[in-house]
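Everything below concerns the one structure shown next.
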Amino acid sequence: MNRLANIENELKNQQDKIIFLKKEMGEHYALLETLLQNAISQTNLHPTLVLDFFIHQSRIYQLEQKHL
Numbered sequence: 031m032n033r034l035a036n037i038e039n040e041l042k043n044q045q046d047k048i049i050f051l052k053k054e055m056g057e058h059y060a061l062l063e064t065l066l067q068n069a070i071s072q073t074n075l076h077p078t079l080v081l082d083f084f085i086h087q088s089r090i091y092q093l094e095q096k097h098l
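Every number in the numbering used here is 30 more than the matching position in the sequence shown, counting from 1.
Below, the structure written as structure tokens:
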């Protein structure tokens, strides 16, 4: 696979994780996203940090579900 295909694959995997987390959290996802974006906007942190947080949380949640 070439580099572009690898990047596209990773992006799709991340989007799938976010979709999964949105389904699991329901309306709480939007509230948490807003709170995080507001907090990050008051700092010098990059806005994609919110996306990174949700991807990380999704991975943790999926791992926890495997061990229940």
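Where is the CB? At the ideal position from N, CA and C, for every residue including glycine.
For N74, which of helix, strand or coil comes out of DSSP?
Residue state, collapsed to three classes: coil.
Please report how far the alpha carbon of P77 lies from the alpha carbon of L62, in whole angstroms.
14 Å
With S88 and L51 assumed to form a contact (beta carbons below 8 Å), what rounded beta-carbon distance in angstroms separates them?
4 Å
Considering Cα atoms alone, identify which of L34, D82, M55 is closest to Q44.
D82
May I have the straight-line CA-CA distance separating Q92 from K42, to the nearest angstrom?
Straight-line spacing of the CA atoms in Q92 and K42 works out to 17 Å.
Within the stretch 50 to 97, note down every full alpha helix (DSSP H) run reaching 4 residues or more, in order along the chain.
57 to 71, 79 to 96
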